[in-house]
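Chemist: Below are the structure tokens for one structure; questions will follow.
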Amino acid sequence: MQKNREQWNSKIGFILAASGSAIGLGNIWKFPYIAGENGGASFILIYLFCIAIIGLPVLIAEILLGRTTQRNPVGAFRKLTESKFWIGVGGMGVVSGFLILSFYAVIAGWAIGYIVEALVGNFSHFSTGAVASEHFNSLVTDIPWIVGYFTLFMIITMLFVYLGIQKGIERGSKIMMPILLVLLVILMIRGITLEGSEEGLAFLLNPDWSKIDAQAILIALGHAFFTLSLGMGAMLTYGSYMSKKDNVASAALQIVILDTVIALIAGVAIFTSVFAVGLDPSAGPGLIFHTIPAVFAKMPGGYYFSILFFSLLSIAALTSAMSLLEVVVAFFVDDLGWNRKKATIAMGFVVFLLGLPSALSFNILADYTLFGKTFFDIIDFLASNIFLPLGGFLIAIFVGYVWGFDKVLANLREGAENLFDNYPYVITTWKFFLKYLSPVLIFIVLLHSLGIIDLIF
Ligand code: PHE
Numbered sequence: 049m050q051k052n053r054e055q056w057n058s059k060i061g062f063i064l065a066a067s068g069s070a071i072g073l074g075n076i077w078k079f080p081y082i083a084g085e086n087g088g089a090s091f092i093l094i095y096l097f098c099i100a101i102i103g104l105p106v107l108i109a110e111i112l113l114g115r116t117t118q119r120n121p122v123g124a125f126r127k128l129t130e131s132k133f134w135i136g137v138g139g140m141g142v143v144s145g146f147l148i149l150s151f152y153a154v155i156a157g158w159a160i161g162y163i164v165e166a167l168v169g170n171f172s173h174f175s176t177g178a179v180a181s182e183h184f185n186s187l188v189t190d191i192p193w194i195v196g197y198f199t200l201f202m203i204i205t206m207l208f209v210y211l212g213i214q215k216g217i218e219r220g221s222k223i224m225m226p227i228l229l230v231l232l233v234i235l236m237i238r239g240i241t242l243e244g245s246e247e248g249l250a251f252l253l254n255p256d257w258s259k260i261d262a263q264a265i266l267i268a269l270g271h272a273f274f275t276l277s278l279g280m281g282a283m284l285t286y287g288s289y290m291s292k293k294d295n296v297a298s299a300a301l302q303i304v305i306l307d308t309v310i311a312l313i314a315g316v317a318i319f320t321s322v323f324a325v326g327l328d329p330s331a332g333p334g335l336i337f338h339t340i341p342a343v344f345a346k347m348p349g350g351y352y353f354s355i356l357f358f359s360l361l362s363i364a365a366l367t368s369a370m371s372l373l374e375v376v377v378a379f380f381v382d383d384l385g386w387n388r389k390k391a392t393i394a395m396g397f398v399v400f401l402l403g404l405p406s407a408l409s410f411n412i413l414a415d416y417t418l419f420g421k422t423f424f425d426i427i428d429f430l431a432s433n434i435f436l437p438l439g440g441f442l443i444a445i446f447v448g449y450v451w452g453f454d455k456v457l458a459n460l461r462e463g464a465e466n467l468f469d470n471y472p473y474v475i476t477t478w479k480f481f482l483k484y485l486s487p488v489l490i491f492i493v494l495l496h497s498l499g500i501i502d503l504i505f
């Protein structure tokens, strides 16, 4: 048995930490560019639908697994079953934590590096997106730059995890999440008040259904996982520090709402700006790094807004990275009896080593590819497109069928008595989504990711 396992100090502490995990590069870097590539408003509607019918039900299941067992992903399954298979599913979560953090921290490092670029005024002469792209390329091929900021980001992440749940992650999230929200609202207001911003708003509000095909639907579904940190046990691990007095279902709903609202606000901030200066909304993964500096260069007060923007991006990435490292550390602490400090330093270093080839994928290792993918691309693809949906699928199956649904309900009821007694249909709906709808839909995404089906509907 474990002695003195930490718990969140308050329910709001948990909500902010878990929202901090959810809100990250996914919302600010990825969501705008995939929405931009897939038709804007129509894509966003499909994404919202996926979040509601798959994201929320699986999120409740994942937090519940953690809260019930008070363990990391491996320990959680070990507590509920003897089956090696299911314990292995937990192990896949821990491995995903290593993998995702290793490449995530590279991009997060760019965000920190860009704060410095903005501070020293390097963006002021960016007259076009092309100049900004050129600058971006010169930075990522500069090995000390890319490795240096990656290392710095890892050290900051480790510091929070080292300090523990209450003093590190909870306190950090309580300070950083409100700052993030304020920065984002400032940027949104700036975007909306720019001349020509209507076009950006129209892009976000007027659906273009002609752009929606099977591919777009699958991207929306896959992103629902990534953005909610689902499928690898980050939410399970955070849930394991939650008190049995708190309501899992309502906490999950609040996390989903916060994550979604932030993605939408980020979309408004970015598209109004991009359209106002006439840049292309479908610029792809480089959208914010290639266009935002150029956008801000042309804008009154752009110097300050670019500092704010990349600070915002760094904070968002940091609170997500903490949750990734915490999954790994919790496993070493719970299951192998290490102390938190030793586990944080050792595992942070392992992640660093694993991330080095990802950082070098943009320069000296750029030509070493497998199926046209660099090391960075392979790790990203494996973790985000395969391990996350697979993990989410298996969590839905485990909670829906293997754990025993009467036990699931008994545990979910703790802290949610009012919901169970007064709104029983909410629980019935959750059960239906979790057992039938989510697994089938996730399975389709997964087959698509593996290239087994190229849907033709
Ligand atoms: N949800 C985070 C984001 O949107 C990424 C993440 C995925 C974090 C999985 C933890 C686990 O950026």
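Numbering (the numbering used here), first residue to last: 49 to 505.
All C-beta atoms, glycine included, are put in the ideal place defined by N, C-alpha and C.
Quick caveat, the model's predicted, so the values are computed rather than measured.
(1) Relative to the C-alpha of V377, which residue among R119, N75, C98 and L112 is closest?
(2) Is the beta carbon of A70 within less than 7 Å of some heavy atom of the ligand PHE?
(3) Contact check, R115 vs G287 under 8 Å by CB: the rounded distance?
(4) With H, G and I counted as helix, E and B as strand and the rest as coil, what does DSSP make of S67?
(5) Work out the CA separation of D454 and A311 for me, nearest whole Å.
(6) Return the chain-ordered ranges of every alpha helix (DSSP H) run that is complete within the region 126 to 174 and spans a minimum of 4 residues.
(7) Could you say which of L149, E85, G161 and L467 lies nearest to S298 if we only look at CA atoms?
(8) Does any residue of chain C bring its CB to less than 8 Å from the CB of T422?
(9) Under 7 Å from any heavy atom of the ligand PHE, does the C-beta of T308 make it?
(10) Please give me, in chain order, every unbroken run of the alpha helix (DSSP H) with length at least 4 that falls completely inside the region 192 to 270.
(11) Would the beta-carbon of M280 be found less than 7 Å away from any heavy atom of the ligand PHE?
(12) To the nearest angstrom, how far is the alpha carbon of G281 from that of L104?
(13) Pick from Y449, G196, T417 and I227: whose alpha carbon is nearest that of L128?
(14) Apart from the five residues on each side of it in sequence, which residues of its chain come closer than 7 Å, Cβ to Cβ, to G88?
(15) Let me check understanding here. Comparing Cα to Cα, which of N57, R53, I63 and N52 lies closest to V296?
(16) Less than 8 Å between the CB atoms is what I'm expecting for I108 and W478, so what's the real figure, rounded?
(17) Between the region 141 to 156 and the region 431 to 445, are three or more C-beta pairs nearer than 8 Å?
(18) Quick check: A166 and S321, are their CB atoms within less than 8 Å of each other?
(19) At a cut-off of 7 Å, would you count I427 as near the ligand PHE, judging by its Cβ distance to the nearest heavy atom?
(20) Of all the options E130, D382, V381 and L113, which has the alpha carbon lying nearest to the alpha carbon of G279?
(21) Sort out for me which residues DSSP pairs L418 with in a bridge.
(22) Along the chain, which unbroken stretches of the alpha helix (DSSP H) at least 4 residues long are found entirely within the region 302 to 354?
(23) Taking just the CA atoms, how far does M347 sit from L482?
(24) Classify G439: buried if its beta carbon has 16 or more other beta carbons within 10 angstroms, exposed otherwise.
(25) What do you reckon, is the C-beta of S497 under 7 Å from a heavy atom of the ligand PHE?
(26) Measuring straight from C-alpha to C-alpha, what distance separates V137 and E247?
(27) Could you work out which residue in N459, A70, S486 and V106 is closest to S291 when comparing CA atoms only?
Modeler: Judging by the given coordinates:
(1) Position 329 of the sequence shown holds residue 377. It is R119.
(2) Here residue 70 refers to the residue found at position 22 when the sequence shown is read from its first residue. True, at least one ligand heavy atom lies under 7 Å from that Cβ.
(3) In the sequence shown, residue 115 corresponds to position 67, counting from 1. In the sequence shown, residue 287 corresponds to position 239, counting from 1. Contact holds; Cβ gap of about 5 Å.
(4) Looking up residue 67 in the sequence shown gives position 19. Reduced to three states, the DSSP call for S67 is helix.
(5) In the sequence shown, residue 311 corresponds to position 263, counting from 1. In the sequence shown, residue 454 corresponds to position 406, counting from 1. Between A311 and D454, the C-alpha separation is close to 36 Å.
(6) 132 to 167
(7) Numbered from 1 along the sequence shown, position 250 holds the residue referred to as residue 298. That would be L467, whose Cα lies nearest to the Cα of S298.
(8) Structure shown: chain C not included; a single protein chain is present.
(9) Your numbering for residue 308 matches position 260 in the sequence shown. No.
(10) 219 to 240 and 245 to 253
(11) Locating residue 280 in the sequence shown gives position 232, counting from the first residue. Yes; taking the cut-off as 7 Å, the Cβ of M280 has a heavy atom of the ligand PHE nearer than that.
(12) Position 233 of the sequence shown, counted from the start, is the residue given in the question as residue 281. Position 56 of the sequence shown, counted from the start, is the residue given in the question as residue 104. Computed Cα separation, rounded: 15 Å.
(13) Stepping through the sequence shown from its first residue, residue 128 is reached at position 80. With distances taken between Cα atoms, L128 lies closest to Y449.
(14) For the purposes of this step, residue 88 is taken as the residue at position 40 of the sequence shown. Only F251, L252 and D256 meet the Cβ criterion.
(15) On the sequence shown, residue 296 is found 248 positions in, with the first residue counted as 1. The option with the nearest alpha carbon to V296 is I63.
(16) Residue 108 sits at position 60 when you count from the first residue of the sequence shown. Residue 478 sits at position 430 when you count from the first residue of the sequence shown. Sure, about 6 Å apart at Cβ, within 8 Å.
(17) yes
(18) Residue mapping note: residue 166 aligns to position 118 of the sequence shown, counting from 1. Residue mapping note: residue 321 aligns to position 273 of the sequence shown, counting from 1. Cβ distance not < 8 Å, so A166 and S321 don't count as in contact.
(19) Numbered from its first residue, the sequence shown carries residue 427 at position 379. I427 Cβ: outside cutoff for every heavy atom of the ligand PHE.
(20) Within the sequence shown, residue 279 is the residue found at index 231, counting from 1. The candidate whose alpha carbon is nearest that of G279 is L113.
(21) Counting from 1 along the sequence shown, the entry for residue 418 is found at position 370. DSSP, once it has assigned bridges, lists K421 as partnering L418.
(22) 340 to 345
(23) In the sequence shown, residue 482 corresponds to position 434, counting from 1. In the sequence shown, residue 347 corresponds to position 299, counting from 1. Looking at the two C-alpha atoms, the distance is approximately 47 Å.
(24) Working through the sequence shown from its first residue, we reach residue 439 at position 391. Buried, since its Cβ has 16 or more Cβ neighbours within 10 Å.
(25) Stepping through the sequence shown from its first residue, residue 497 is reached at position 449. Not under cutoff, so the answer is no.
(26) Residue mapping note: residue 137 aligns to position 89 of the sequence shown, counting from 1. Residue mapping note: residue 247 aligns to position 199 of the sequence shown, counting from 1. Computed Cα separation, rounded: 46 Å.
(27) Residue 291 sits at position 243 when you count from the first residue of the sequence shown. S291 has its Cα closest to that of N459, out of N459, A70, S486 and V106.
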